[in-house]
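Participant: Right, I'll just put the structure down here and ask away after.
Residue numbers (our numbering): 9 to 217.
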């Protein structure tokens with residue numbers, strides 16, 4: 009299932025609608041229900057987007073963080089803010105998480121500032137330090153932009169916020185749909201592989217019994 013304009017992941021899990029009469033809390037995802045006799049099941053891969061991102065960037069520093077048992081985002085925030093992991097607050101942990109996923113989902117600096125309760129200058133400084141801390145990732149993004157300019161094609165949806173383009177809304181929506189479909193296909197391939205492995209293991213266990 010693909011939900012566009014906006015994609016579901018850009019919509020807050022819960023938000024408040026205020027009227028003159030009362031204040032209502034809306035939980036959008038609870039509005040999506042299964043038909044009678046069926047159930048909706050949710051599976052979540054731990055930091056799947058980040059693992060794909062790190063694979064693309066081939067950044068050994070980020071790879072080490074994913075392999076270690078320490079919290080990825082605490083470690084990331086410590087690097088960006090030049091602090092020890094023990095000094096990182098919950099708020100700083102969340103900010104690091106926001107910028108990581110914001111890189112994937114094309115989050116503008118204004119949105120990042122709003123989500124993290126920063127002003128624009130603070131948000132810009134945090135983002136600048138983030139890219140400065142991970143030069144391999146920054147170089148990868150610069151290379152993609154250069155290839156796009158050289159070949160005269162539109163910037164990929166993943167990197168569209170990094171450079172202004174003359175792309176129109178219809179083209180942008182098509183790019184977003186293509187990116188999300190390709191991304192969902194990759195997740196489905198991983199899920200099917202794991203399902204087949206688990207099924208094979210279960211069959212082997214039954215044979216041993």
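Where is the CB? At the ideal position from N, CA and C, for every residue including glycine. All values derive from a computational prediction rather than experimental measurement.
Within 10 angstroms of its Cβ, does residue 110 collect 16 or more other Cβ (buried), or is it exposed?
Facilitator: Label assigned to residue 110: buried.
Participant: Of the residues 106, 81, 62, which one's Cα is nearest the Cα of residue 95?
Facilitator: Checked all of 106, 81, 62; the closest Cα to residue 95 is 81.
Participant: What does the alpha-carbon distance come out to for the pair residue 144 and residue 103?
Facilitator: Roughly 21 Å separates the two Cα atoms.
Participant: Taking the beta strand (DSSP E) that residue 82 belongs to, which residues open and close that run?
Facilitator: That residue, residue 82, is in no beta strand (DSSP E); its alpha helix (DSSP H) goes 80-89.
Participant: Quick one, which of 86, 137, 139, 123 has its alpha-carbon nearest residue 23's?
Facilitator: Of the listed residues, the one whose Cα sits closest to residue 23 is 123.
Participant: If you measure between the beta carbons of residue 21 and residue 43, is that distance less than 9 Å?
Facilitator: Their beta carbons are not under 9 Å apart, which means residue 21 does not touch residue 43 by this criterion.
Participant: Taking Cβ to Cβ, would you say residue 120 is nearer than 9 Å to residue 131?
Facilitator: For residue 120 and residue 131, yes; Cβs fall inside 9 Å.
Participant: I need the DSSP call for residue 68, collapsed to helix, strand or coil.
Facilitator: The answer is helix: DSSP assigns residue 68 an H, G or I state.
Participant: Could you tell me the alpha carbon to alpha carbon distance between residue 87 and residue 27, rounded to whole angstroms?
Facilitator: Their backbone Cα atoms lie some 43 Å apart in a straight line.
Participant: Let me confirm a value: residue 100 is counted as buried when at least 16 other C-beta atoms fall within 10 Å, else exposed. Which label applies?
Facilitator: Buried, by the Cβ-count rule.
Participant: Assign residue 67 to buried or exposed, taking buried as 16 or more other Cβ atoms, counted over all protein chains shown, within 10 Å of its Cβ.
Facilitator: When all chains shown are included, residue 67 counts as buried.
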